[in-house]
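Participant: Sharing a structure with you now.
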Amino acid sequence: MLLETTRFGTIEVDEARIVSFQEGLPGFPQARLFALLEHSPESPFHWLQSVEEGALAFVVMDPMLLDRDYLKAIPQEALAELDLEEAGQAAVLVIVNIQRAGGTITANLLAPLIINPQSRSGKQVILLGSGYEIKQPILPNGQAQMESRS
Amino acid sequence: MLILTRKVGESIAVGDDVVIRILDVKGKQVRLGIQAPAQTSVYRQEIYERIQEENREAAQAGLMDLNLAASLLKTGQKGKANPDAS
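Quick note, the sequences are listed as chains A and B, same order.
Sequential numbering of the first sequence, starting at 1, is according to our numbering.
Sequential numbering of the second sequence, starting at 1, is according to our numbering.
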């Protein structure tokens, strides 16, 4: 299907690969359908583009790149809600926050997106008590010196 | 906002599936027990609001932001994005 998007213009997405968040995302309860778009082959990042709102998209990444044990923190109830038996069956992504002004890149490890790859349904889950940060720095020194452009 | 006064041990029903019980009061702290179906998420309000706020901030990322981030990641470290936290 064709999607009108702000960042990428008009793009073609495979309807069969669209992920459905039944309750939307916190802050965006109406945004239920998303398409996962590649950034570039070497990049750990992807775009999660809203189907309903062309201007809405999130940068996401695989949390395992930040913590190999991340799946252990995902509670059984969250998996069961998505008809998953174990964390290994889930597709897990975390939302990345890029703050050019402050020069930081952080990932929200406290509230991952858990997706059932078979049913293509997903939910943002808060890992209470896990000790994970909402703003987990991605670069090893915790900060990126990003030149501000324009 | 609906305002109710309850004593310790009394409960509040929200819809058909949610029951909130006042378990204990100690000074200014109230301990609540919450019965809800597994698929209903129950969070402390301030945590939920922080997640909402974080999502809203993150949603502002543009193409330039991501290209910069990806190139910084490449030059900043070879291999993994971040060593495992100690």
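Every residue, glycine too, gets a C-beta built ideally from N, C-alpha and C.
Label B/ILE51 either buried or exposed according to how many other C-beta atoms from any shown protein chain fall within 10 Å of its C-beta, with 16 as the threshold for buried.
Facilitator: buried
Participant: From B/ALA38 to A/GLU38, what does the alpha carbon distance come to, in whole angstroms?
Facilitator: 33 Å
Participant: Under 8 Å: do the stretch 70-89 of chain A and the stretch 39-59 of chain A share three or more Cβ pairs, one atom per stretch?
Facilitator: no
Participant: Quick check: what's the CA-CA separation for B/GLU10 versus B/LEU23?
Facilitator: 8 Å
Participant: Below 8 Å, can you find three or more Cβ-Cβ pairs linking the stretch 53-66 of chain A to the stretch 95-106 of chain A?
Facilitator: yes
Participant: What does the Cβ neighbour count give for B/GLU54, buried or exposed, with the cut at 16 atoms within 10 Å?
Facilitator: buried
Participant: Out of A/VAL19, A/GLU133 and A/ARG32, point me to the one whose CA is closest to A/ALA91's CA.
Facilitator: A/VAL19
Participant: Given 8 Å as the limit, is there contact between the stretch 121-139 of chain A and the stretch 16-34 of chain A, that is, 3 or more CB pairs closer than that?
Facilitator: yes
Participant: Under the assumption that A/GLN136 contacts A/LEU109 (Cβ atoms under 8 Å), give the Cβ distance between them as a whole number of angstroms.
Facilitator: 5 Å
Participant: At what residue ranges does the stretch 13-57 of chain B contain a whole run of the beta strand (DSSP E), taking only runs of 3 or more?
Facilitator: 18-26 and 29-35, all fully within the stretch 13-57 of chain B.
Participant: Is B/ASP16 close to chain A? Criterion is C-beta to C-beta, closer than 9 Å.
Facilitator: no
Participant: Helix, strand or coil: how does DSSP classify A/PRO137 here?
Facilitator: Of the three classes helix, strand and coil, the one that applies to A/PRO137 here is strand, per DSSP.
Participant: State yes or no: is the beta carbon of B/ILE22 nearer than 9 Å to at least one beta carbon in chain A?
Facilitator: no
Participant: Any C-beta of chain B sitting closer than 9 Å to the C-beta of A/ALA57?
Facilitator: yes
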